[in-house]
Amino acid sequence: MKFIFFCFTLLLFFNLANAQRVFNIWPATAPGSETWRWKRQLDSVHLPSDPLSYNIVQPTLIYFPADSALSNGTSVVICPGGSFMYLHIYTEGIDVARWLNKLGVSAFVLEYRLAHCVTDDPMKEKNDRIRDSSLRNMLIPVVPLSIADGKQALTYVRTHAGEFKINPDRIGIIGFSAGGTVAVADAFNYSPENRPDFVVPVYAFVPPGITTKMLPDAPPAFIVAASDDELHLVPMSISLYNQWLDSGHPAELHIYSKGGHGFGMNKQDWPSDTWINRLGDWMQVQGLLKK
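The sequence shown lines up with residues 249 to 539 when you count with this note's numbering.
Written out as structure tokens, the structure reads:
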């Protein structure tokens with residue numbers, strides 16, 4: 249049985265590395281993690297329906313180009329979630345990218361730096377660290393690195409927009425849960441090179457200090473969460489929406505009655521399953537789907 253899981257993991261790695269192009273976003277070792285010696289891993293054993301990528305040292309973008317016949321020039325950097333311990337690389341990353349491709353939107357799934365897992369079961373390790381209260385201190389030095397990776401990803405995509413055949417003025421960022429932390433932080437503090445042209449926080453975790461005064465050219469926002477989020481993050485989404493409204497910037501908010509935390513592209517037969525369709529509607533209204 250272990251051999252079968254090993255082969256499945258190798259197959260997933262092969263598909264990620266070869267089916268799509270993968271780009272290192274930093275020109276050399278990512279600043280701040282020069283002493284990290286562990287290697288990226290994929291856990292397909294403990295959650296086979298949603299493999300988890302973990303122990304990210306060298307941040308990369310997995311490129312999903314829109315078909316040239318459909319491409320409208322818009323692109324998105326997608327930041328999966330996973331408590332900064334792992335990434336739901338499919339349900340909050342690759343599946344989102346493939347859905348957006350059907351709208352003519354090119355997508356880049358970002359594997360940003362994470363805390364070091366010392367076991368082969370990152371989800372259990374995270375839960376154990378929550379119980380013994382060690383997770384917070386473990387993540388304090390990591391979160392700024394993850395946010396920096398989000399900024400660098402936007403810079404990389406904009407710098408290479410000509411090669412990717414995308415519009416450098418239509419590059420957005422989507423973030424789920426911890427990935428939402430990255431997306432939100434990058435929408436409040438940016439330079440011309442790494443400014444997102446739109447931001448989509450999905451059940452985002454927004455810790456104190458991440459949001460600041462909104463800049464005059466802040467991007468439009470599409471915000472999503474579910475009322476029954478077991479992590480009780482809905483007030484954070486509502487607060488984000490109010491910040492956008494109070495500053496006079498366009499925003500749309502969807503709070504579903506059921507969905508829980510981490511619904512992503514999972515099918516649960518609840519209205520939250522259609523959040524991605526509403527995102528498509530919003531992108532149409534924003535003019536992001538026009539060629």
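C-beta atoms are modelled at their ideal positions from N, C-alpha and C, and glycine is treated no differently. Model, not experiment: these values are computed from the prediction.
- Under the Cβ criterion (8 Å, minimum of three pairs), the segment 346 to 362 counts as touching the segment 513 to 531.
- Under a 10 Å Cβ-count criterion, Glu478 is classified as exposed, with fewer than 16 other Cβ atoms of the shown protein chains found around its own Cβ.
- Residue range 447 to 450 is occupied by the beta strand (DSSP E) that includes Val450.
- Where Thr308 is concerned, the enclosing beta strand (DSSP E) starts and stops at 308 to 312.
- Following the DSSP letters along the chain, one finds Gly528 in no beta strand (DSSP E) but inside the alpha helix (DSSP H) bounded by residues 523 to 533.
- Sorting Ile419, Asn375, Ile304, Pro307 by C-alpha distance to the C-alpha of Ser354 places Ile419 at the top.
- The count of Cβ pairs closer than 8 Å, one atom from the segment 310 to 326 and one from the segment 398 to 418, reaches three, so the stretches are in contact.
- Taking C-alpha positions only, Ala499 is separated from Leu493 by approximately 7 Å.
- Spatial neighbours of Ser319 in its own chain (CB-CB distance under 6 Å, excluding positions within 5 residues in sequence) are listed in chain order as Gly352.
- Separation of the CB atoms of Gly507 and Ala474 is rounded to 3 Å, and the pair is thereby assigned contact status at 8 Å.
- Runs of the beta strand (DSSP E) spanning 3 or more residues and lying entirely within the segment 435 to 523 occur at 447 to 450, 469 to 474, 499 to 504, in chain order.
- Sixteen is the threshold: when 16 or more other Cβ atoms of the shown chains lie within 10 Å of the Cβ of Lys374, as they do, the residue is buried.
- The DSSP-derived three-state label of Glu373 is helix.
- In the three-state reduction of the DSSP assignment, Phe271 falls in the strand class.
- Looking at the backbone, the Cα of Asp417 and that of His408 are separated by about 12 Å.
- Each residue's CA atom was taken as its position, placing Tyr302 and Asp521 some 26 Å apart.
- When the five nearest sequence neighbours on each side are left out, no beta carbon in the same chain lies closer than 6 Å to the beta carbon of Gln532.
- Comparing alpha-carbon positions, the option among Arg377, Pro464, Tyr489, Asp380 lying closest to Val432 turns out to be Tyr489.
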